[in-house]
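Asker: Dropping a structure here in structure tokens format, bear with me for questions.
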Amino acid sequence: MTLPTPDFASHRARLLEALGPDEAVLVVSAPTTLRNGDAEHRYRPDSDLWWLTGWPDPEAAVFLRPGAEPLSMFVQPRDPERETWTGRRAGPEGALAAFGADAAWPIEALDEELGRLLQGVRTLHYAIGHDAAMDRRVHAAIHRAARAGRRNGLEAPEVFVSPDRLLHELRLHKTGDEIACLRRAAAITDEAFRATMAAVGPGVGEWELESLLQRTFLQHGSEGPGYTPIVAAGDNGTILHYVTNRDVCEPGELVLIDAGCEVGHYTSDVTRTFPVDGRFEGAGKAVYEAVLTAQLAAIDAVRPGATFMAVHDVTVRALTEAMIELGLLTGDVDQLIEDEAHKRYYMHGTSHWLGLDVHDVGAYARLGTSRTLAPGMVLTIEPGLYIAPDDEQAPEALRGIGVRIEDDVLVTADGHEVLTAAIPKTVAEVEAACAR
């Protein structure tokens, strides 16, 4: 199946439409990162630069400004010798031919050309403080633009705005092309989770389940995992960001997997918890059903006009009630919530934005008030209960149990759509998927 492709031109058009005539945006690429020795991690483009252009390589910068030539790109030049070692480059020629650039130069020309491009720009949208060397180059270009402005009467930048204010707000509101990528990522992730559920059993290594995830992601043509998968058997599931993935599944345990693949660099983010033996039993089943009840209630609260924190509040109430029933807490529900007693066993938020970044950009509050949900926003819903194995305040049968259930939810005009709804989640669905 052909994978969907983001519509980069429409993304740029949205940004340019929102800019004033004396505003411009400068975005630079992410650096390469050494893994060890002289071996680099596989390169992953900066999300802002990717959203605007689809440019996949390092050592790049893009400059956008309303006008006759809105997109200028600075990229790695063609270099046959280097390409023999590190792969083919599109170069400035490719930026013009295939990536929508109106003008393109080698990255080395940035110092010379940026001062000219900044003439007549009063407000520059640029992430100051992320790259000290680039900050120095930008400041030098602004000084050149200011000197030229004294001769030709054109302004140089006086106002600097974080990309959060405009670019990241646009990225928060997903369009059809972006949602198509997220849907496909969810579909591949569904297949990957089904493969792990079918393979789980006593004696199976966490690493074996991780390998099944990775294989399924890649065999369908995705870029691979959107983040390091969590494969946590037994009490490893009580560690929120466990990524060691080197233990063995034991009889009677649950295994918690948090993973998602990237399509067009848009990532899914899913957690399922399922029984090593194929059937939920006893305390594990009771904790699982409590988390599932809370998750369904939270998903039901997602709709336009609801606030981001209202969804979390629904989750906290449902989980606090469950903690009382399970014997983890005692007392009045409202007082326990006010005292934040639930944080002993549920210490994280219910949701985060999802898109090009697994914790995607976009403000969670405005003017001190929780953000109102609107169509096109995509967020996770991921309640959990985590009872440490040495927690002597918890009933003994519950100690060492960790359960999280997470789905990706799109806010629609009349409510919501669970993009990951196909992935087994009810007790019956999970047990059927685990059956051999």
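Taking the working numbering, the leading residue of the sequence shown gets 8, the next gets one more, and so forth.
Ideal Cβ positions, reconstructed from N, Cα and C, are used throughout, including at glycine.
1) DSSP three-state call for alanine 239: helix, strand or coil?
2) Could you tell me which residues DSSP puts in a beta bridge with proline 113?
3) Could you tell me which uninterrupted beta strand (DSSP E) segments, each at least 3 residues in length, are contained entirely in the stretch 166-242, listed from first to last along the chain?
4) How about the stretch 282-294 and the stretch 242-253: do they share at least three Cβ pairs that are nearer than 8 angstroms?
5) What first and last residue would you give for the alpha helix (DSSP H) that runs through phenylalanine 15?
6) Three-state secondary structure (DSSP) at cysteine 256?
7) Using DSSP with H/G/I as helix, E/B as strand and the rest coil, what is valine 1?
8) Taking the alpha carbon of tryptophan 471 as the reference point, which residue from Ile237, Pro431 and Val277 has its own alpha carbon closest?
9) Among Glu66, Pro73 and Gln126, whose alpha-carbon lies nearest the alpha-carbon of alanine 97?
10) Taking valine 385 and valine 309 to be in contact with their CB atoms under 8 angstroms, please state how far apart those CB atoms are, rounded to whole angstroms.
11) Taking the C-alpha atoms as reference points, what is the distance between methionine 80 and aspartate 55?
12) Cα separation between histidine 464 and threonine 196?
13) Taking the alpha carbon of aspartate 307 as the point to measure from, which residue in Asp14, Asp171 and Ile388 has its own alpha carbon closest?
14) Is histidine 132 helix, strand or coil by DSSP?
15) Quick one, which of Asp14, Trp62 and Pro28 has its alpha-carbon nearest serine 36's?
16) For the putative contact between alanine 199 and leucine 220, defined by C-beta atoms under 8 angstroms, what is the C-beta separation to the nearest angstrom?
17) Between arginine 279 and histidine 272, what straight-line distance do the alpha-carbon atoms span, to the nearest angstrom?
18) On a CA-only basis, which of Asp276, Thr300, Leu361 and Ser169 is nearest glutamate 413? Give me that one, please.
19) Is the beta carbon of glycine 107 less than 9 angstroms from the beta carbon of leucine 78?
20) Quick check on DSSP: helix, strand or coil for serine 377?
21) What residue range does the alpha helix (DSSP H) around aspartate 320 cover?
22) State yes or no: is the C-beta of proline 113 within less than 9 angstroms of the C-beta of glycine 74?
23) Measuring CB atoms only, is the stretch 340-358 touching the stretch 419-436, in the sense that at least three cross pairs come out at less than 8 angstroms?
24) Just verifying my parser: in three-state terms, what is the DSSP assignment at aspartate 29?
25) So if DSSP puts cysteine 268 in a beta bridge, which residue, or which two residues, is it bridged to?
26) How long is the line joining the alpha carbons of arginine 324 and alanine 239, rounded to whole angstroms?
27) Run through DSSP, which three-state label would proline 63 get?
28) Grouping DSSP H, G and I as helix and E and B as strand, with all else coil, what is valine 250?
29) What residue from His132, Ile135 and His146 has the CA that sits closest to leucine 117's CA?
30) Within the same chain, show all residues whose beta-carbon is closer than 8 angstroms to that of valine 294, passing over the 5 residues directly before and after it, in chain order.
31) With three or more C-beta pairs closer than 8 angstroms as the rule, is the stretch 297-306 touching the stretch 259-266?
32) Look up threonine 93 in the DSSP assignment and say whether it is helix, strand or coil.
33) Using beta-carbon positions only, say whether valine 69 and tyrosine 133 come within less than 9 angstroms of one another.
34) For threonine 280, which three-state DSSP category applies?
35) Return helix, strand or coil for aspartate 367, following the three-state DSSP convention.
Answerer: Working from what's here:
1) strand
2) Val82
3) 166-168 and 237-240
4) no
5) 15-25
6) coil
7) A question about residue 1 goes unanswered here, because the residues of the chain that appear run from 8 up to 443.
8) Since the first and last residues shown for the chain are 8 and 443, residue 471 lies out of range.
9) Glu66
10) Valine 385 to valine 309, Cβ: 10 angstroms. No contact.
11) 14 angstroms
12) Because the chain in this structure spans residues 8 to 443, residue 464 falls outside the shown range and cannot be described.
13) Ile388
14) strand
15) Trp62
16) 5 angstroms
17) 22 angstroms
18) Asp276
19) yes
20) strand
21) 315-333
22) no
23) no
24) coil
25) Pro232
26) 26 angstroms
27) coil
28) coil
29) His146
30) Leu333, Leu392, Ile394, Leu405, Ile408 and Val410
31) no
32) helix
33) no
34) strand
35) coil
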